[in-house]
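Asks: Line order of the protein sequences matches chains A and B.
If you read the first sequence in the numbering used here, its first letter stands for residue 1, the second for the next number, and so on.
If you read the second sequence in the numbering used here, its first letter stands for residue 1001, the second for the next number, and so on.
Quick reminder that beta carbons are idealized off the backbone N, C-alpha and C, glycines included.
Protein chains: 2
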Amino acid sequence: MNTHIINIGDELLIGQVINTNASWMALQLNLSGVNVSKTIVIADSEKEIENSILSSLKEADCILITGGLGPTKDDITKTTLAKLFSSPLIENKEVLENIKNIFSLRGFPLTSTNRKQALVPKDCKVINNPYGTAPGMCFEKDNKLIISMPGVPFEMQNMMTNYVIPLILSHYKPIAIIHKTLLTCGLGESFLSDLIEPFELSLPKYIKLAYLPSANFLRLRLSAKGENRDSIEKELNNQVNKLLPLIKDYFIGFDFDDPSLVLAEELKKRKQTISTAESCTGGNIAHRITINPGASQYYKGSVVSYSNQTKIQVLGVEKEFIETFGAVSREVAEKMAKNVREKLNTTYSIATTGIAGPSGGSEEKPVGDIWIAIACENGDVISKKFNFYSSRENFISRATNQALFMIINLLSTTEI
Amino acid sequence: MNTHIINIGDELLIGQVINTNASWMALQLNLSGVNVSKTIVIADSEKEIENSILSSLKEADCILITGGLGPTKDDITKTTLAKLFSSPLIENKEVLENIKNIFSLRGFPLTSTNRKQALVPKDCKVINNPYGTAPGMCFEKDNKLIISMPGVPFEMQNMMTNYVIPLILSHYKPIAIIHKTLLTCGLGESFLSDLIEPFELSLPKYIKLAYLPSANFLRLRLSAKGENRDSIEKELNNQVNKLLPLIKDYFIGFDFDDPSLVLAEELKKRKQTISTAESCTGGNIAHRITINPGASQYYKGSVVSYSNQTKIQVLGVEKEFIETFGAVSREVAEKMAKNVREKLNTTYSIATTGIAGPSGGSEEKPVGDIWIAIACENGDVISKKFNFYSSRENFISRATNQALFMIINLLSTTEI
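1) Anything in chain B within Cβ reach of K300 (chain A), meaning under 8 Å, just list it in chain order.
2) Measuring straight from C-alpha to C-alpha, what distance separates S1148 (chain B) and H1171 (chain B)?
3) Of the residues that make up the stretch 1391 to 1405 of chain B, which ones have a beta carbon closer than 7 Å to any beta carbon in chain A?
4) Kindly list the residues whose CB is nearer than 6 Å to the CB of P1174 (chain B), restricted to its own chain and excluding five residues on each side of it in sequence; keep chain order.
5) Output needed in chain order: residues of the stretch 1352 to 1379 of chain B with a Cβ under 9 Å from some Cβ in chain A.
6) With 16 as the cutoff for other CB atoms within 10 Å, does P1121 (chain B) come out buried or exposed?
7) I'd like to know if the stretch 1333 to 1352 of chain B and the stretch 1276 to 1287 of chain B are in contact, where contact means that at least 3 CB-CB pairs between them fall below 8 Å.
8) Write down every uninterrupted run of the alpha helix (DSSP H) in the stretch 215 to 277 of chain A whose length is 4 residues or greater and which is fully enclosed by it, in chain order.
9) Mind checking if I1350 (chain B) is an interface residue toward chain A, Cβ cutoff 7 Å exclusive?
10) Would you say the stretch 60 to 77 of chain A touches the stretch 129 to 149 of chain A, given that touching needs at least three Cβ pairs under 8 Å?
11) Going by DSSP, name the residue or residues bridged to A1351 (chain B).
12) Thinking V488 (chain A) and S1302 (chain B) are a contact (beta carbons under 8 Å), I'd like their distance in whole angstroms, please.
13) My output table needs one value for L110 (chain A): the three-state DSSP class, helix, strand or coil.
14) What residue from A:V126, A:T133, A:P109, A:C124 has the CA that sits closest to Q117 (chain A)'s CA?
15) Does the distance from the C-beta atom of I18 (chain A) to that of S1023 (chain B) stay below 7 Å?
16) Taking a contact to mean a Cβ-Cβ separation below 7 Å, would you say S1052 (chain B) touches I1006 (chain B) in this structure?
17) With L1081 (chain B) as the anchor, note down where its alpha helix (DSSP H) starts and where it stops.
18) On a CA-only basis, which of A:V152, A:D194, A:G188 is nearest A941 (chain B)? Give me that one, please.
19) Output the distance between the C-alpha atoms of G1068 (chain B) and W371 (chain A), rounded to the nearest integer angstrom.
20) Return helix, strand or coil for A1337 (chain B), following the three-state DSSP convention.
21) Report yes if the CB atom of V1381 (chain B) is closer than 7 Å to the CB atom of A1375 (chain B), and no otherwise.
22) Could you give the uninterrupted runs of the beta strand (DSSP E) lying entirely in the stretch 144 to 200 of chain A, keeping only those of 3 residues or more?
23) Please report the residue range of the beta strand (DSSP E) in which T346 (chain A) lies.
24) In the DSSP assignment, the alpha helix (DSSP H) including T39 (chain A) goes from what residue to what residue?
25) When the Cα atoms are used, what is the spatial distance from P1130 (chain B) to L1057 (chain B)?
26) Inspect the beta-carbon positions of E1050 (chain B) and I1076 (chain B) and report whether they are closer than 7 Å.
27) Work out the CA separation of F1103 (chain B) and H287 (chain A) for me, nearest whole Å.
28) Taking the DSSP output, what are the residues bridged to A134 (chain A)?
29) Would you mind telling me which residues of chain A sit closer than 7 Å to H1287 (chain B), beta carbon to beta carbon, in chain order?
30) Once DSSP output is grouped into helix, strand and coil, what is the label at A356 (chain A)?
31) Helix or strand or just coil, what does DSSP make of K1122 (chain B)?
32) Taking D44 (chain A) as the reference, give the member of A:G9, A:N30, A:S193 with the closest Cα.
33) Against S1193 (chain B), what residues of chain A qualify as contacts under a CB-to-CB distance less than 8 Å, listed in chain order?
34) For E266 (chain A), does the count of other Cβ atoms within 10 angstroms reach 16, so buried, or fall short, so exposed?
35) Would you mind reading off the limits of the alpha helix (DSSP H) that contains E964 (chain B)?
36) Note the first and the last residue of the continuous beta strand (DSSP E) segment covering S1305 (chain B).
Written out as structure tokens, the structure is:
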């Protein structure tokens, strides 16, 4: 089967917003075994929307549409669909209830403009949107599905995950695709590919290997496609068992989107806790840890010490220490880690101090230099120096990932 | 005139790579007054490439194509174009010279696979590629331009800037487009649109208004199109001056990508400093502030107090306070703000405490509830309650944006 994605929005056509919806949707569909053969971006124009849907109906089995469902005048996707499918707009009770709930939670009155969001074409199936006022709509024509969703990424993502992908799978029964992703850190793409070349060449034809690099991490994704789910799954696991010993020094975990989730699992398993003291990463380690639900079980907090004064007064690093060794030094990083662990009374702590750039470097301590230290309950402190010279944003991402990798690595070599 | 962009590449259709080329190209074209009415992503497939070009030739005056020009077997754009325009491939001397130069610079031998890159369709104009082996190709058919470029972003960008955009401008002489974007916070899309409805309805036909919402922020974009650049610019400014008084309570600034940059400007202008005490935002306010170069000039740090113990021991919030009012309360938020400001000795401070979810709420204090407090040097504290019920990630983004807005708003009403 064959899917088209149509993203509607003037903001996408003038380059103001990058179309991350298309790639997110394509990735999720692909992981579920659904093939995307075209993605199209068009303006909020009745003629363009009509033409694109009619033309995609000739080529595709399923059309997924995002955008143009807001309450304002430039949003015309719903009225265009109602016209195209000759299905007049009527008020939907459940949608109205949902809109009323959202407005009462936010403490705003329900205006007539917002009430209009509860109008939906008579012949569509409504997809509930717990996070916003625009419902999704599903039409069926000649056994083809045409599904319209809001363009707001997290509203669309929720609908895709909980409703649209399960619906597509039950409607079309595509062939099985199974993926297994291995998260690694510490070896670049070309070196890792040299290391596992014989393995890659020996893979059966229906199993593909992809290299997915991101700030300091490299994911290896093995994807098996076939008619018989059980047999491809068995062979995929077999290949993973061959690959693991080859990459054991760089391996972090399976299938996790983010190393902070690996850390969460490990700490919860051990009933242990962690805290952070961040200078150059500026709160990003804390942010990455706390974005996961339930983080308060194992994370106690951070001191973001963005000035020497904060390092001294809040973290209790001695002034003489900073003057003698400099703020970016092994000594200060270790002291930050030790002190924050004691102050917040956690099993472990992570500290960072470095030069994110673009300025602030010297010949001795260039931009990109960073010390990362980890303190443990028994008094041990591990520290290591890196240079992550790049853009400021990328420096922060790489440093954060490296810090998470260091604590995961330490936990994996420590008995529970 | 009307332009289509066609991006070719399997990696874009499985979601492995986000299509940043389309938005970059659309933005540059738009800034030059060239209208993009559709962008399409297709696979490396002869049939798809042929069909897409033929179909776009019916709708567009100009077609810009990227991707599929590499030396490997899956790259078939060039042979497809040669076939489509009945123009056989011949070796081009200048292109071969360029390829030889590149290989000698990199110290690699020139293989026959690489030499093939010098073959180009007989009837196209070649576009030089100083950064790579794949040349660009420009075809003309019925006074329409069809231009093929490599998919590597910086190679394509160099061709667009130095050759393609000047060529389009001289070939089509497009009309002028000017945009003005206004960043607002604090009023939802539907309320703002009700508020400025008379203004919107009174806009001249050649000026369009678009609403661009993102986590708790709303951008208003006015776009003017016309023959005479000076006169549409004058009228656009005129309309902006009419709009500003209507939205003054929600207005943050012009054309800024991120409110943290507005905050940075305001604090630097005043030579003032800020600190944060974050509970539910978990370090994200600190992260958003410190991602900007030079943040240490005005930002001193944060206490991410992710447990009551941290609120008590590091921030000095009284235990009785938390027991009496609860961690998510006006009293605790204000105390956090006051104490962190004093501890870090800054002009202002921001504190957050709330329930990010998905669990942890109660009937009295539901998921999404958050108190944001700002403390000032003179002892004043402002605090406000919100409910940002949504996904955990979105809750954190919205709360962060709201906190930044509150301090920007306070600064804008305070004399320098």
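Replies: In short:
1) Y1306, S1307, Q1309, T1310
2) 17 Å
3) S1391, R1392, E1393, N1394, I1396
4) M1001, G1033, V1034
5) A1356, G1357, P1358, S1359, G1360, P1366, G1368
6) buried
7) yes
8) 229 to 246, 259 to 270
9) no
10) yes
11) B:A1277, B:A1373
12) In the structure as shown, chain A starts at 1 and stops at 416, and residue 488 (chain A) therefore has no counterpart that could be examined.
13) coil
14) A:T133
15) yes
16) yes
17) 1077 to 1084
18) With chain B covering only 1001 through 1416, there is no way to say anything about residue 941 (chain B).
19) 43 Å
20) helix
21) yes
22) 144 to 149, 176 to 185
23) Element bounds for T346 (chain A): n/a, residue is neither H nor E.
24) Counting along the chain, T39 (chain A) falls outside any alpha helix (DSSP H), though it belongs to the beta strand (DSSP E) covering 35 to 42.
25) 29 Å
26) no
27) 45 Å
28) In DSSP, A134 (chain A) forms no bridge with anything.
29) G282, G283, N284, H287
30) coil
31) coil
32) A:G9
33) P71, T72, K73, T113
34) buried
35) The shown model of chain B, from 1001 to 1416, leaves out residue 964 (chain B), and the question about it has no answer.
36) 1299 to 1305
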